[in-house]
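Q: Sharing a structure below in structure tokens format, with a few things to ask.
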Amino acid sequence: MPSRISRLANFLPYLLAITSNAVSGRIAGHYEEQFGLKIPEWRVMAVLGDAGALTQRDLVGATLMDKVAVNRACKALEDRGLAERRPNAQDGRSHHLELTPSGRDMHRQIMAIALDMEAKVFAVLSPEERAAFKAMLDRLRTQATNLE
């Protein structure tokens with residue numbers, strides 16, 4: 002059994018996943034408690050706040066969440082009046098989802114919390130290390146995508 006633990010402890014995808022969960026969980030605790038949002042709902046809201054109106058298909062691609070999780074998150078945001086659907090002029094079979102004014106206001110408030118937590122978590126890295134880490138993450142994501 003110890004050999005399995007030591008291998009897992011050195012398995013980079015596992016380390017990346019648990020680190021991501023730890024960071025996301027730390028931030029999520031704050032916005033879930035204050036705003037009642039779950040992680041998928043915040044991810045959809047964050048993408049919409051950054052990109053503007055998108056289709057659910059676009060949201061699946063941007064968040065890398067499955068269609069069911071995106072659909073549930075969109076429905077929850079709509080039910081709370083934080084997002085609304087509008088017809089897609091280019092494709093009558095789909096709709097664009099966008100944040101409402103109250104959704105944009107909540108997005109601004111949560112981004113302030115998220116950016117503060119980001120600064121705290123990444124304070125252990127120098128600015129150069131943060132830039133290098135971001136570049137490495139970008140390369141890894143590109144590589145993972147290209148392997149498909």
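The sequence shown finishes on residue 149 if you use this note's numbering, and the numbering steps up by one all the way, no holes.
Cβ atoms here follow ideal geometry from the backbone N, Cα and C, with glycine treated the same way.
Bear in mind the structure is a predicted one, so any value in this text is a computation, not a measurement.
Which value, in whole angstroms, describes the spacing of the CA atoms of ALA70 and PHE134?
A: Sequence index remark: in the sequence shown, residue 70 carries index 69 (1-based). Sequence index remark: in the sequence shown, residue 134 carries index 133 (1-based). ALA70 and PHE134: Cα-Cα distance of roughly 28 Å.
Q: If you draw a straight line from the alpha carbon of LEU16 to that of ILE28, how long is it in whole angstroms?
A: Numbered from 1 along the sequence shown, position 15 holds the residue referred to as residue 16. Numbered from 1 along the sequence shown, position 27 holds the residue referred to as residue 28. Their Cα atoms are separated by approximately 18 Å.
Q: Fully enclosed by the segment 9-47, which alpha helix (DSSP H) runs are 4 residues long or longer?
A: Entirely contained in the segment 9-47, the alpha helix (DSSP H) runs reaching 4 residues are, in chain order, 13-36.
Q: Put LEU98 into one of helix, strand or coil per three-state DSSP.
A: Along the sequence shown, read from residue 1 onward, the residue named residue 98 stands at position 97. If DSSP states are grouped into helix, strand and coil, LEU98 belongs with the strands.
Q: Roughly how many whole angstroms lie between the Cα atoms of HIS96 and GLY26?
A: For the purposes of this step, residue 96 is taken as residue 95 along the sequence shown, with counting starting at 1. For the purposes of this step, residue 26 is taken as residue 25 along the sequence shown, with counting starting at 1. Spanning the two alpha carbons is a distance of roughly 31 Å.
Q: Please list, in chain order, all residues of the same chain as PRO88 whose beta carbon is under 8 Å from its beta carbon, the five residues on each side excluded.
A: Taking the first residue of the sequence shown as 1, we reach residue 88 at position 87. HIS96, HIS97.
Q: Mind checking which residues open and close the alpha helix (DSSP H) that includes ARG81?
A: Residue mapping note: residue 81 aligns to position 80 of the sequence shown, counting from 1. Counting along the chain, ARG81 falls outside any alpha helix (DSSP H), and DSSP gives it neither H nor E.
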